[in-house]
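For reference, the structure discussed in these notes is given below.
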Amino acid sequence: MRPTKLIISAFGPYAERTLIDMDKLGASGLYLISGDTGAGKTTIFDAITYALFGRASGDCRDDSKLFRCLNAKPETKTEVDLTFVYAGKEYRIVRNPEYMRPKSRGEGFTKEAASVTFYYPESSGKQGPASRSVSKEKDVAAAVQEIIGIDRDQFTKIAMIAQGDFMKVLLSSTDERKKIFRKIFKTDKFNALQDELKKRANEMDRQCSDSESTACTMIAQIKCGENSAQAETLEQEKNLAAQRQIADWQGVCDMTQAILDEDNLSLKKVQAELEESAKKLADMDKELGRAQNVQKTRDALKKASDELERILPSLAPLKEAKLAAESKQPERDSLQESITTLRNSLPEYDKLELFRGDALKKEGAVKETELRLQKNRQSVEDIKAVIVNFDKELSELGDVGARKQELVAQLDKLSGRQDDLVKVGKNVKELSTLNDAFERAKKAYLAADADYQKISDDYEAKNRAFLNEQAGIIAETLVDDKPCPVCGSTHHPHKACKSLEAPSQAELERLKKAVSTAEADRNEKSAAASQAKGKFEEKRSAVQSLVQELFGECTLEEARERGNTEYAENRDKMAALTLAVAKEEEREKRKVFLEKNIPEKRAELEKLQSAVTDQEKEISGLKAELVSCRNAIEELLKKLAFESKAAAEKQIRETQAVLDRSKRELEKATADYTECESRVNELNAGKNALAKQLEGAPEYDLAALQAGRNQAAEAHNALAHSQNEVSARLAGNKSALEQIGKTVGALGEQLRKRAWIRNLSDTANGGLSGSSKVMLETYVQASYFDRIVSRANIRFRLLSNGQYELVRRKDASNNRSQSGLDLNVLDHSSGKEREVKTLSGGESFLASLSLALGLADEVQSSAGGIQLDTMFVDEGFGSLDDESLKLAINTLQSLAGENRLVGIISHVNELEHKIDKIVRVKKDENKISRVTIEV
1448 MRPTKLIISA
1458 FGPYAERTLI
1468 DMDKLGASGL
1478 YLISGDTGAG
1488 KTTIFDAITY
1498 ALFGRASGDC
1508 RDDSKLFRCL
1518 NAKPETKTEV
1528 DLTFVYAGKE
1538 YRIVRNPEYM
1548 RPKSRGEGFT
1558 KEAASVTFYY
1568 PESSGKQGPA
1578 SRSVSKEKDV
1588 AAAVQEIIGI
1598 DRDQFTKIAM
1608 IAQGDFMKVL
1618 LSSTDERKKI
1628 FRKIFKTDKF
1638 NALQDELKKR
1648 ANEMDRQCSD
1658 SESTACTMIA
1668 QIKCGENSAQ
1678 AETLEQEKNL
1688 AAQRQIADWQ
1698 GVCDMTQAIL
1708 DEDNLSLKKV
1718 QAELEESAKK
1728 LADMDKELGR
1738 AQNVQKTRDA
1748 LKKASDELER
1758 ILPSLAPLKE
1768 AKLAAESKQP
1778 ERDSLQESIT
1788 TLRNSLPEYD
1798 KLELFRGDAL
1808 KKEGAVKETE
1818 LRLQKNRQSV
1828 EDIKAVIVNF
1838 DKELSELGDV
1848 GARKQELVAQ
1858 LDKLSGRQDD
1868 LVKVGKNVKE
1878 LSTLNDAFER
1888 AKKAYLAADA
1898 DYQKISDDYE
1908 AKNRAFLNEQ
1918 AGIIAETLVD
1928 DKPCPVCGST
1938 HHPHKACKSL
1948 EAPSQAELER
1958 LKKAVSTAEA
1968 DRNEKSAAAS
1978 QAKGKFEEKR
1988 SAVQSLVQEL
1998 FGECTLEEAR
2008 ERGNTEYAEN
2018 RDKMAALTLA
2028 VAKEEEREKR
2038 KVFLEKNIPE
2048 KRAELEKLQS
2058 AVTDQEKEIS
2068 GLKAELVSCR
2078 NAIEELLKKL
2088 AFESKAAAEK
2098 QIRETQAVLD
2108 RSKRELEKAT
2118 ADYTECESRV
2128 NELNAGKNAL
2138 AKQLEGAPEY
2148 DLAALQAGRN
2158 QAAEAHNALA
2168 HSQNEVSARL
2178 AGNKSALEQI
2188 GKTVGALGEQ
2198 LRKRAWIRNL
2208 SDTANGGLSG
2218 SSKVMLETYV
2228 QASYFDRIVS
2238 RANIRFRLLS
2248 NGQYELVRRK
2258 DASNNRSQSG
2268 LDLNVLDHSS
2278 GKEREVKTLS
2288 GGESFLASLS
2298 LALGLADEVQ
2308 SSAGGIQLDT
2318 MFVDEGFGSL
2328 DDESLKLAIN
2338 TLQSLAGENR
2348 LVGIISHVNE
2358 LEHKIDKIVR
2368 VKKDENKISR
2378 VTIEV
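Note that my numbering has the sequence shown beginning at 1448, numbered continuously upward.
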């Protein structure tokens, strides 16, 4: 892969669209990318990496938000356009990041979305209009991967030995190199295997611990009786279980079984004793029940005798109260008759209320109709007054039309006069404009004529001088007695002399042309002045005719003053006339209004007068009906005992209340006597029955019987508790024995599996005790590292004149830290190994350069033989002396060979004298980076 053309626009320090034609550098050899710090040397490789992979070459610069150049113009697009050749075919990729740009319409900014397009070559292998393209990010990534065969991390290690990465590779520890190699050689799957083995080993540890914990928890739950022969052994096993120190699980099972056997014997014994106790307790309950029944009967007999003695004296007074209440029956019958009479008269009260309501309605109707009558009478008077006023006003508007026509005629006449005045004013203004144009044309003509006269006079003088000069030339050739070629005379007494100020033939020709030009200009100006004069004279004649027509004989100035004065006066008159016409129009509208409304008002008056007559008749009828209602009310009141139905109903309620109270007194007296009599009879019958039940009943000591029964019950409960305790212990111990058996059986298999998984995990993670701390991933990376060191030593021995060689350290400095990727240097001058940190600055650079080149070679080889025809080496040469610098340049020249182009990014001035091809990067006075190629 070799870049041939790179376009950087508003990217990094490149504010403008910058073209770098890398084809000028050829296809092989060294070239230098030179420039001051911060000018944008490394940005060239960043742009190539970004175009291919969408990211910069260095992690510290890999932020798409920082790609946009802050000095770029708002309309300049941020993008990278890369054309490269791979396997003889030309490819192109254009990519831009997401950034903010000005809106195309309106103010403010909008977000420009990130985009990328990859162009395949045409059938000719070159880029052209028919090149196929893809634009989706995943399609572009797949195309780059398919063509180049490596990803961004591999590309930056093969094609770019970046700033600071030299020493990072050389001086890193095993852990740091693991992270570097993991990205480059994709060894993360081995690391994942290590993690998975460690996870599974830890899981087996947890399972074994859980099983052992479960079994030990079961031991803590085993119980035995106080007098058990296994009590001491059980206590010892529980102590061992608490400390997770059980060694003989079979002994634990045997002990538990012995406890179960003891409790089975105890349970049988307790069950026999409990059965005997239950029989005894049942007999005692029967005897106690009989004694309690006899005592309850005696208590009930005494209670009945006491109550009969208490209520018997109340029976006679209750009978007397009952007879007194029954004697008031005639009074109650009289009250009932009065209530019935009043209730029968209630419909007459309803008629009374109807008549009263009707009378109230008719009184309201009379008042309402009288109010409307009064209002209508007032309306009749008001409309009569309005009609009188309207008639008077209409008679005053008789001449309204004629007056308006007179005013409109005056207004039209003044308007026509104003138009004439405006026309005159416009023509006078146009005349003034034509006069000014004529004066300007006349001045231009006079100036052109003066120029012509001056140039013509100068030409005549110069022409005469020229002719005289020609005579002087001929005179110099005249000889006495020889004929003159002009006049033929042989005698020459007065020879012409040459003038010192005579013009040349060319100068004379220029003056002649100037005269012609001036004459033409004068003639043109003369024609223009004549034309302007004609227009002025024509307009003046027309204006004078208009002025005479309007004002008679007067000057134009007088006409202008009179026109302005008259125009102002007419304007005021027209305003007054317009106002008068508007008033006449209002009067005209008023007349139309009156002519329409007077008949309407007369019709309205007739309608109101008719309504007044109808209302007077209506009032008379209502008053007659009201007198009839009042007569009917008086007749009803004579027949009824009360003024209203409400008063009658009140009397009914009060009489009913007295009647109800008398009935309640009778009911209560009857109920009290009946209840007392029934209770006396009931108590006598109960006493006789209870006395019969106690005939022949023995005397019992109830307290002694209850105490004996309680003592027997306590003994029975103690036996039942003992039975429950033994049964619960049996169930718990049996379950514990079963669980321990299952758990111990599974624990044996778990311990065997844990042993081999833990050993495998420790081996893969470098954790075997007494062995080197080399992990599986490190072991695989060490194979790559050995090949990298081998490739690096080919160059390092050359660069160090055979003194040094890099050696991978096999063992760590102690068995506690990880090892396998540490690096030493073998000093052949002493035959001893030492740490690479002991090398000098220049030696460290050469070693790191060799190691970086070896890494690039190995990555390229492991990537499947990819073809990368370009490499960049970024900085580090400043620490080398002249000899070391020369060796480094020769090494890189050898690395380039005939098919690779190696670019050195540096600001070391000495390199410019050692490398012929230079890409120079500079910032101008505006801090904008510029690129030039010197070959």
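Even for Gly, the Cβ is constructed at its ideal location relative to N, Cα and C.
The structure presented is a predicted model; accordingly, all values stated were derived computationally and were not measured.
Taking the C-alpha atoms as reference points, what is the distance between residue i and residue j?
i, j, result
"L2069", "R2077", "13 Å"
"L1993", "A1888", "27 Å"
"L2245", "V2272", "15 Å"
"A1884", "G1863", "32 Å"
"V1990", "K1959", "47 Å"
"L1789", "L1762", "42 Å"
"G1575", "L1529", "15 Å"
"V1933", "L1914", "At V1933, the pLDDT of 49 sits below 50, so the modelled position is not reliable; the number obtained from the coordinates is stated separately. Each residue's Cα considered, the two are about 13 Å apart."
"S1456", "E1559", "15 Å"
"T1621", "G1535", "41 Å"
"E1569", "K1524", "27 Å"
"A2175", "K2181", "10 Å"
"T1465", "R2377", "7 Å"
"Y2231", "M1547", "45 Å"
"K1488", "K2257", "40 Å"
"K2220", "I1627", "19 Å"
"K2374", "A1519", "10 Å"
"G1501", "G2249", "42 Å"
What are the partner residues of residue i, as DSSP defines its beta bridges?
i, result
"G1476", "L2348"
"S1562", "N1543"
"Y1567", "According to DSSP, which records beta bridges pairwise, Y1567 is partnered with nothing at all."
"Y2385", "Residue 2385 falls outside the range modelled here, since the chain spans only 1448 to 2382, and no answer is possible."
"R2126", "Its beta-bridge partners do not exist; DSSP assigns none."
"F1556", "P1549"
"T1525", "Per DSSP, none; premise fails for T1525."
"I1467", "L1453"
"D1746", "D1746 is not bridged to any residue."
"T1431", "An answer regarding residue 1431 cannot be provided, because it is not within the stretch 1448 to 2382 covered by the chain."
Within this structure, are the beta carbons of residue i and residue j separated by less than 8 Å?
i, j, result
"L1854", "V2059", "no"
"V1813", "I2080", "no"
"Q2340", "M1651", "no"
"K1909", "P1950", "yes"
"A1719", "K2134", "no"
"A2270", "R2255", "For the record, residue 2270 in the displayed sequence is Leu; it is not Ala. In contact: L2270 and R2255 (Cβ atoms closer than 8 Å)."
"D2346", "D2316", "As written in the sequence, residue 2346 is Asn, which differs from the Asp given in the question. Yes, these two residues count as a Cβ contact at 8 Å."
"V1875", "R2007", "yes"
"Q1641", "E2172", "no"
"A2183", "K1727", "no"
"T2102", "L1782", "yes"
"S2208", "L1644", "yes"
Throw me the rounded Cβ distance for the residue i and residue j pair, which I believe falls under 8 Å.
i, j, result
"F2292", "A1606", "Between A1606 and F2292 the Cβ distance is about 20 Å, and since that is not below 8 Å, they are no contact."
"S2309", "A2239", "S2309 to A2239, Cβ: 15 Å. No contact."
"V1717", "L2166", "6 Å"
"I2351", "L1453", "That belief does not hold up - the Cβ atoms of I2351 and L1453 are roughly 17 Å apart, past 8 Å."
"Q1900", "N2017", "55 Å between Cβ atoms; not a contact."
"T1496", "G1459", "Not quite, the Cβ-Cβ distance comes to about 12 Å (not below 8 Å), so this is no contact."
"K2369", "G1482", "6 Å"
"L2073", "A1806", "6 Å"
Answer yes or no: the CB of residue i versus the heavy atoms of the ligand ADP, is any distance below 7 Å?
i, result
"K1715", "Because no ligand of any kind appears in the structure shown, any question about the ligand ADP cannot be addressed here."
Would you please verify whether the beta carbon of residue i is less than 8 Å from any beta carbon of chain D?
i, result
"L1644", "Considering every chain present, this structure includes no chain D. It has just one protein chain."
message = I want to know whether the segment 1531-1548 touches the segment 1561-1571 - three or more CB-CB distances under 8 Å.
response = Enough Cβ pairs lie closer than 8 Å, so yes.
The segment 1659-1666 / the segment 1689-1701 touching (three or more Cβ pairs under 8 Å): Counting C-beta pairs closer than 8 Å gives three or more between the segment 1659-1666 and the segment 1689-1701, which meets the contact rule.
When the Cβ atoms of the segment 1455-1475 are set against those of the segment 2357-2375, are three or more pairs found closer than 8 Å? With contact defined as three or more Cβ pairs closer than 8 Å, the segment 1455-1475 and the segment 2357-2375 are in contact.
Between the segment 1697-1711 and the segment 1669-1687, can you find at least three pairs of beta-carbon atoms closer than 8 Å? Touching, per the Cβ criterion.
**Prompt:** Do the segment 1832-1841 and the segment 2028-2045 touch if we need at least three Cβ pairs shorter than 8 Å?
**Reply:** Enough Cβ pairs lie closer than 8 Å, so yes.
TODO: Could you tell me whether the segment 1891-1900 touches the segment 1971-1982, using the rule of 3 or more Cβ pairs below 8 Å?
DONE: Flag = yes, the segment 1891-1900 and the segment 1971-1982 touch.
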